[in-house]
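S.K.:
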Amino acid sequence: MIWLIFALLTGAAVMAVLAPLAMRGGAENESAADVAFFEEQIAEIERERSEGRLDATDAEAAKTEAARRLLRAEAAPKAKVAASRKLALAAALAAIVAMPAVALSLYARLGHSDLPDMPLTARLESAPDGRDLASAVARIEQHLREHPEDGRGFEVIAPYLLRTGRGEEAIHAYSEALRLLGATAARYASLGEARVVVAGGLVTPEAKTEFEAALALDPSAPEAQYYLGVAAAQAGEKEKAIEIFSKMAADAPPDAAYLKAVNGQLAILRGEASAPASAGGPSSEQGRAIAAMPADQRQAMIRGMVDRLASRLEAKGDDVEGWLKLIRAYSVLAETEKAKKAVTDARRALASKDDVARIDALAKKLNIGG
Amino acid sequence: MIVETGHYALVLALALALAQFAIPFIGARLHDAALMRVARPAAITQFLLVALAYGALTYAHVVSDFSLVNVIENSHSLKPFIYKISGVWGNHEGSILLWVLVLSLCGALIAIFSNAMSDRLRADALAIQGLLGAAFLLFILLTSNPFARVALAPWEGRDLNPILQDPGLAIHPPLLYLGYVGFSIVFSFAAAALIGGRIDAAWARIIRPWTLFAWIALTLGIAMGSYWAYYTLGWGGFWFWDPVENASLMPWIAGTALLHSAAVMEKREALKVWTIFLSILAFSLSLLGTFLVRSGVLTSVHAFASDPDRGVFILAILVFFIGGALALFALRAGALPVGGVFAPISREGALVLNNLLLSACCATVVVGTLYPLALEALTGEKISVGAPFFNTVLIPIALPLALLMPIGQMLSWKRGDLLAALQRLRVAFVVGVVAAAAFGAWYGTPFLSIIAAGIAIYLVIGGLSDLIIRARGGSGRASFKRLAGLPLSAFGTSIAHAGMGLTLLGLAATGWGVESIVAMKPLSFYDVGPYQIGIESVSPRQGPNYSEVYAVMAVRKDGATIATIEPAKRFYQARRMERSEAGIITIGLGQVYAAIGESHEEGTVDARLYWKPLVTLIWIGALIMAFGGALSLADRRLRIGVARRAAAPALEPAE
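Heads up: the protein sequence lines correspond to chains A and B, in order. Numbering (this note's numbering) for the first sequence: 124 to 493. Numbering (this note's numbering) for the second sequence: 38 to 692.
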């Protein structure tokens, strides 16, 4: 089918060349256009003279000049314009052979006649269920666009959004789930957690409200307690934080997954352990909060911070420390392409040669080309 | 299937472009009518094929076909419909395809509207147009193929760069390209005339409408681009002397010069060599601009050196066409017969002076754009040549040029009377001086703004007074009748010059603008010029593919709220990029402009607030200039194909 279309197109293009070659005659006088032009020009000079914009002598001179050119155009040797059948035949043959040859050989190199169109909606409809997570998510998103009242959909998709760094959308999904399916402690806590992740580990007043709402529904909700503890620690209320975490540790069943994180927090607050340095080099307070998090959340949070650093540098580039930090962070995250790009961008953004030299030195050390 | 059909159509267009070059070109050399006749249908069909390819790419973007690399990299399934369409040209591959689409459209336009010229000139011009098309089609297919596919299509794309997701950008590039590439028509005619060896007044009349057409599109394109930069980049500027902007300004200046010199050539057959040179120059500068923007040389000289494929290819095209045309020019220019003579004080003389000054402007922009690049390539040193350089050099050239514009209009062809011309302008002089004094009294310093505003008003009045003087005399009715009888091109000149005056006034008024960068506390008001601005609320909002924080700001004057604006800061998820959306309200001819930055916990918001008096005149002036150009283009005598024998003299008195 597709080759039939190609053949038709090729035929049309070749015909565009053949048709005029096949026509007979039509040899035109080459100077006709010029003659008409000068005749009009003379008329125009006459008009300007009558308007008084050109005085009589000048008009006369201009008219003589134009008339001379008119005569010259009329007298110009009528170039012989012929139409040789032999020549036309040769051109036609060349077009018939060369045009399809050029088009087909080039298309054979570049084209993918075997690949069909793949519009997104058609793919979503035909994709087999559950084959891969990404397609499932894409399908749910599509579904939610059409049925924005489906709270279950929002609830299912929200954790995935949060994990893939689409924090704002995750917050939206969690709050839609909460609104449509009704309030539970777990939903409030998840919403709060998403806000914390988006805020880069900071328990914002907004997030705090969500956790408090969760506790109001279920005083034992562990995530809510945990984050309120973190909030207290971040606000500098060490005693209160220790109190919350100790109570959690005491109440927790011995096999609770969150016990390790809680004990970690306690150790830090009591000064028994220092927070491990993380890639982006966040402030110590934040670093501790991040270190205490489950691995996937930590990753998402670090990524969020790195992205914010990147966009800040994009807006305001003369900050060599920031660039060094960004390049190191990408290198730790094993995002070589982005690291390379950051090196190039930094070179461009930094004015001083010394700063550029520092960037180059780091790039060399980390073995990043660019 | 649609996608691959588009891809094949593009390849086929290349084959046809080669035929469009070779067959008519040989035909013109051998004086063979049949071979020359191939040019017109070939040009039209080539356009249809490229349009088919372009349509297929647009379709792929609209239905989010993520099997195309181009769609993956520049689209997102949630992107609003209009940006799915404008996203097609919001990236390298698509924009080059648009370039070629416009190029083939120009070829088709020549083919359709070229009855009034010799077969040979038309065949040669279309052959050159075909060769240009072939070069750029090859460039697309070999280095920037928008139809590159992947077998395993992802489920989501990376979205279009947020700063390009804006209605202004939806219209700006097509207009700009119509302008850039429109000059290719003039270029092709210049090359064709040089090859054919016949250059006369008739040739000048043929290229003038095309020059006007390209100039109008470029004027609108530049104005649109500058307005877009003004309200999306969020720092209140409308022109940054950025190389990308300069790339569009260079052909505009050259095109403006060409417009004027072609007028001289048409009327007096003088300035032939110069007009041909400008025809080549205008398009060469368009090509240079394309090279600068598209090769990556601007992003970084290093980036260009590490991935040189595209850059080297465009450079080769550039060298081939500009070099070829200039070589032809060098060979043939000496043999051109000299045209009509004229006194230094005459319309011709004034236009020569205009051309000299415009050339100086153009050279300044070229140097200011290329010098930093050359320096970086040679020594690695980075310098930035910006507003201080351009303002220092261009203002002393541009202001005298503005002073001369109405004088040139008043001089008659061949031999003019300077004193009489100045006398006719005395009203404009007086009004200009009075206006300067009034502006000075109202807004105060800087002096440059006062002087420039005075010249601007003089330019507006002077530009229009040509019409009035030509119509004046006798009774009111007779004057009106005479005014109505003036050719449209006379209206075009006057209106375009007046538009230039308005733009100049808008530019002059930037000196009186007020800027204030403040951390705005809620419910307190800040002075910006004659107005006070305060934040009423700051809240988040969800857009289709972005989330934003927007502030509702009240604009007050004398305690009464006269308007509210909503500047916003948007965050685009897919690219993880931020973009500001300025809040703008037009009051009179000026604008209050606000852009917000970070918001802090205690409710304060960093904001930039501006009061820009008369700023809209910059773009209104450009629109009026373009309108003047359109009037000239509509003039029957300029319209393509009018130079027919019988009709011309008979209709003349009716005008």
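C-beta atoms are modelled at their ideal positions from N, C-alpha and C, and glycine is treated no differently.
Starting from the C-beta of Pro-409 (chain B), find all residues in its chain whose C-beta is less than 7 Å away, skip the five residues before and the five after it, and write them out in chain order.
M.R.: Residue numbering aside, residue 409 (chain B) sits at position 372 when the second sequence is read from its first letter. Cβ within range, chain order: Ile-420, Ser-421 and Val-422.
S.K.: Under three-state DSSP, which class holds Val-555 (chain B)?
M.R.: Along the second sequence, read from residue 1 onward, the residue named residue 555 (chain B) stands at position 518. Val-555 (chain B): strand per DSSP, three-state reduction.
S.K.: Taking just the CA atoms, how far does Leu-489 (chain A) sit from Leu-431 (chain B)?
M.R.: Counted from its first residue, the second sequence places residue 431 (chain B) at position 394. Counted from its first residue, the first sequence places residue 489 (chain A) at position 366. Their Cα atoms are separated by approximately 47 Å.
S.K.: Closer than 8 Å, CB to CB, is Met-428 (chain A) near chain B or not?
M.R.: Here the question's residue 428 (chain A) lines up with position 305 in the first sequence. No, no contact with chain B.
S.K.: Could you tell me which whole alpha helix (DSSP H) segments of length 4 or greater appear in the segment 415–463 of chain B?
M.R.: Counting whole runs of 4 or more residues, the segment 415–463 of chain B contains the alpha helix (DSSP H) stretches 424–447 and 455–461.
S.K.: Exposed or buried, what is Ala-631 (chain B) when buried is set at 16 or more other beta-carbons lying within 10 Å of its beta-carbon?
M.R.: In the second sequence, the residue the question calls residue 631 (chain B) occupies position 594. By the neighbour-count rule (16 or more Cβ atoms within 10 Å), Ala-631 (chain B) is buried.
S.K.: Who does Ala-581 (chain B) pair with in a DSSP beta bridge?
M.R.: Start at 1 with the first residue of the second sequence, and residue 581 (chain B) comes out as number 544. Correcting the residue type first, residue 581 (chain B) is Pro in the shown sequence and not Ala. None, per the DSSP bridge assignment.
S.K.: Of the residues A:Gly-427, A:Ser-343, A:Arg-268 and A:Val-479, which one's Cα is nearest the Cα of Leu-456 (chain A)?
M.R.: Locating residue 456 (chain A) in the first sequence gives position 333, counting from the first residue. Looking at the Cα atoms, A:Gly-427 is the closest of the given residues.
S.K.: Which of the three DSSP states, helix, strand or coil, is assigned to Ala-632 (chain B)?
M.R.: Indexing the second sequence from 1 puts residue 632 (chain B) at position 595. Note: Ala-632 (chain B) maps to strand in three-state DSSP.
S.K.: Ends of the alpha helix (DSSP H) at Tyr-453 (chain A)?
M.R.: Here residue 453 (chain A) refers to the residue found at position 330 when the first sequence is read from its first residue. It spans 443–455 - the alpha helix (DSSP H) in which Tyr-453 (chain A) sits, taken as one unbroken run.
S.K.: Please confirm whether Val-693 (chain B) has its beta-carbon closer than 8 Å to some beta-carbon of chain A.
M.R.: Nothing in the structure corresponds to residue 693 (chain B), since chain B is present only between 38 and 692.
S.K.: Taking Cβ-Cβ distances shorter than 9 Å, what residues in chain B pair up with Asp-181 (chain A)?
M.R.: The residue you call residue 181 (chain A) lines up with position 58 of the first sequence. By Cβ distance, chain B contributes Ser-449, Trp-450, Lys-451 and Arg-452.
S.K.: Does DSSP classify Lys-649 (chain B) as helix, strand or coil?
M.R.: Within the second sequence, residue 649 (chain B) is the residue found at index 612, counting from 1. Lys-649 (chain B) falls in the strand class under three-state DSSP.
S.K.: Just to confirm the assignment, what range does the alpha helix (DSSP H) spanning Val-565 (chain B) have?
M.R.: As a position in the second sequence, residue 565 (chain B) is number 528, starting the count at 1. No alpha helix (DSSP H) contains Val-565 (chain B), which is instead part of the beta strand (DSSP E) from 562–565.
S.K.: Please report how far the alpha carbon of Leu-67 (chain B) lies from the alpha carbon of Tyr-91 (chain B), in whole angstroms.
M.R.: Here residue 67 (chain B) refers to the residue found at position 30 of the second sequence. Here residue 91 (chain B) refers to the residue found at position 54 of the second sequence. Going from the Cα of Leu-67 (chain B) to the Cα of Tyr-91 (chain B) covers about 36 Å.
S.K.: When the cut-off is 8 Å and only beta carbons count, does Ile-482 (chain A) lie next to chain C?
M.R.: Protein chains in the displayed structure are A and B, and chain C is not among them.
S.K.: What are the residues that DSSP puts in a beta bridge with Phe-608 (chain B)?
M.R.: Here residue 608 (chain B) corresponds to residue number 571 of the second sequence, with the count starting at 1. Looking at the DSSP assignment, Phe-608 (chain B) forms a beta bridge with B:Ser-584 and B:Glu-615.
S.K.: Ordered along the chain, which non-local residues of its own chain (more than five positions away) have a Cβ less than 7 Å from that of Ile-125 (chain A)?
M.R.: Here the question's residue 125 (chain A) lines up with position 2 in the first sequence. Within the same chain, Ile-125 (chain A) has close Cβ partners Ser-236.
S.K.: Go ahead and pull the three-state DSSP assignment for Ser-574 (chain B).
M.R.: Position 537 of the second sequence, counting from 1, holds the residue named residue 574 (chain B). Residue state, collapsed to three classes: strand.
S.K.: Could you please give the first and the last residue of the uninterrupted alpha helix (DSSP H) stretch that includes Ala-546 (chain B)?
M.R.: As a position in the second sequence, residue 546 (chain B) is number 509, starting the count at 1. Where Ala-546 (chain B) is concerned, the enclosing alpha helix (DSSP H) stretches over 525–546.
S.K.: Check the DSSP bridge columns for Gln-569 (chain B) and list the partner residues they point to.
M.R.: Within the second sequence, the letter at position 532 stands for residue 569 (chain B). DSSP, once it has assigned bridges, lists B:Asp-564 and B:Arg-593 as partnering Gln-569 (chain B).
S.K.: Who are the neighbours of Arg-39 (chain B) on chain A, taking C-beta pairs under 7 Å?
M.R.: Here residue 39 (chain B) is taken as the residue at index 2 of the second sequence, counted from 1. The question names Arg, but residue 39 (chain B) in the sequence shown is Ile. Asp-240, listed in chain order.
S.K.: Could you name each continuous beta strand (DSSP E) segment of 3 residues or more that falls completely within the segment 71–128 of chain B, going from the start of the chain to the end?
M.R.: The qualifying runs do not exist here; there are none.
S.K.: Residues in its own chain within less than 6 Å of Glu-333 (chain A) by CB, not counting five upstream and five downstream?
M.R.: What you label residue 333 (chain A) is simply residue 210 of the first sequence in a count that begins at 1. Within the same chain, Glu-333 (chain A) has close Cβ partners Tyr-311, Leu-314 and Gly-315.
S.K.: How about Ala-185 (chain A): is its C-beta nearer than 8 Å to some C-beta of chain B?
M.R.: Indexing the first sequence from 1 puts residue 185 (chain A) at position 62. Cβ-Cβ to chain B under 8 Å: yes for Ala-185 (chain A).
S.K.: By Cβ distance, which residues of its chain are closer than 6 Å to Met-440 (chain A), with the 5 residues on each side in sequence left out?
M.R.: Your numbering for residue 440 (chain A) matches position 317 in the first sequence. Contrary to the premise, residue 440 (chain A) reads as Gly rather than Met in this sequence. Ala-472, listed in sequence order.
S.K.: Are Ala-319 (chain B) and Phe-173 (chain B) closer than 8 Å when you measure CB to CB?
M.R.: Within the second sequence, residue 319 (chain B) is the residue found at index 282, counting from 1. Within the second sequence, residue 173 (chain B) is the residue found at index 136, counting from 1. Contact: no.
S.K.: How is the beta strand (DSSP E) around Gly-620 (chain B) delimited, first residue to last?
M.R.: Within the second sequence, numbered from 1, the residue matching residue 620 (chain B) stands at position 583. Element bounds for Gly-620 (chain B): 620–624.
S.K.: Tell me the residue span of the alpha helix (DSSP H) that contains Gln-57 (chain B).
M.R.: What you label residue 57 (chain B) is simply residue 20 of the second sequence in a count that begins at 1. 39–67 is the extent of the alpha helix (DSSP H) around Gln-57 (chain B).
S.K.: Name, going along the chain, the residues of the segment 274–303 of chain A whose beta-carbon falls closer than 7 Å to a beta-carbon of chain B.
M.R.: Listed in sequence order: Arg-289, Glu-291, Glu-292 and His-295.
S.K.: For Trp-126 (chain A), report the span of its alpha helix (DSSP H) as first-last.
M.R.: For the purposes of this step, residue 126 (chain A) is identified with residue 3 of the first sequence, where counting begins at 1. Run containing Trp-126 (chain A): 125–145, per the alpha helix (DSSP H) assignment.
S.K.: Mapping DSSP to helix, strand and coil, what is Thr-332 (chain A)?
M.R.: Your numbering for residue 332 (chain A) matches position 209 in the first sequence. DSSP places Thr-332 (chain A) in helix when its eight states are reduced to three.
S.K.: Just checking: is the beta-carbon of Thr-459 (chain A) within a distance shorter than 8 Å of some beta-carbon in chain B?
M.R.: Position 336 of the first sequence, counted from the start, is the residue given in the question as residue 459 (chain A). It does not: the Cβ of Thr-459 (chain A) has no partner Cβ on chain B nearer than 8 Å.
S.K.: Using 8 Å as the threshold, is the segment 246–262 of chain B in touch with the segment 283–295 of chain B, meaning 3 or more CB pairs across them?
M.R.: Touching, yes, given that three or more Cβ pairs across the two stretches are closer than 8 Å.
S.K.: Where does Ala-307 (chain B) fall in DSSP's three states?
M.R.: Looking up residue 307 (chain B) in the second sequence gives position 270. It is coil, neither helix nor strand.
S.K.: Pro-399 (chain A) by DSSP, collapsed to three states: which one?
M.R.: Here residue 399 (chain A) refers to the residue found at position 276 of the first sequence. Legend: pLDDT at Pro-399 (chain A) = 43, less than 50; position of this residue unreliable, value from coordinates given subsequently. Here Pro-399 (chain A) sits in coil by DSSP.
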